[in-house]
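One structure is given here, and the rest of the page talks about it.
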């Protein structure tokens with residue numbers, strides 16, 4: 001009986017490792033998609049500002065905001081809607097400094113993601 005358990009341990013360990021790695025890969029993909037989508041939208045926007053922990057910017061006459069809601073980053077237009085852009089977020093912070101927008105996210109598992117986007121001072 002001991003031999004059967006001992007022999008199956010490497011298989012169980014390998015399966016658990018693969019599940020953890022797949023989860024990390026999925027989160028990294030979600031982070032990259034979030035950053036690409038946000039950069040594409042920011043490229044077409046104006047009047048960036050941060051208020052109450054929210055990133056706000058104008059797109060085609062509307063005000064779009066990105067903010068943390070529970071464990072998610074969500075996108076709203078004119079204060080309405082609930083488009084989830086990123087999940088499993090423990091804390092998110094936005095900052096406009098030195099001609100750049102900084103985005104820093106701490107995920108619930110403790111991993112962190114940071115991105116920056118240069119902006120034109122005249123449009124913020």
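Residue numbers (full-length UniProt numbering): 1 to 124. Note that beta-carbon positions come from the ideal geometry of N, C-alpha and C, so glycine has one too. None of these values were measured; they are calculated from a predicted model.
If residue i and residue j are in contact, beta carbons under 8 Å, what's the gap, nearest whole angstrom?
i	j	result
residue 106	residue 90	5 Å
residue 67	residue 53	6 Å
residue 31	residue 86	7 Å
residue 88	residue 27	7 Å
residue 59	residue 41	7 Å
residue 48	residue 101	6 Å
Put residue i into one of helix, strand or coil per three-state DSSP.
i	result
residue 119	coil
residue 37	helix
residue 30	helix
Run the CB neighbour count on residue i, radius 10 Å, all protein chains shown included, and call it buried at 16 or more, exposed below.
i	result
residue 103	buried
residue 35	buried
residue 57	buried
residue 95	exposed
residue 39	exposed
residue 45	buried
The beta strand (DSSP E) that contains residue i, what's its start and end?
i	result
residue 58	54 to 59
residue 83	80 to 86
residue 67	62 to 69
residue 140	Summary: the structure shown does not reach residue 140, with the chain confined to residues 1 through 124, and so no result is reported for it.
residue 76	72 to 77
residue 111	It is not in any beta strand (DSSP E) - residue 111 carries neither H nor E in the DSSP assignment.
Flag residue i as yes if its beta-carbon sits less than 9 Å from any beta-carbon of chain C, otherwise no.
i	result
residue 82	Absence of chain C from the displayed structure is noted, only one protein chain being present.
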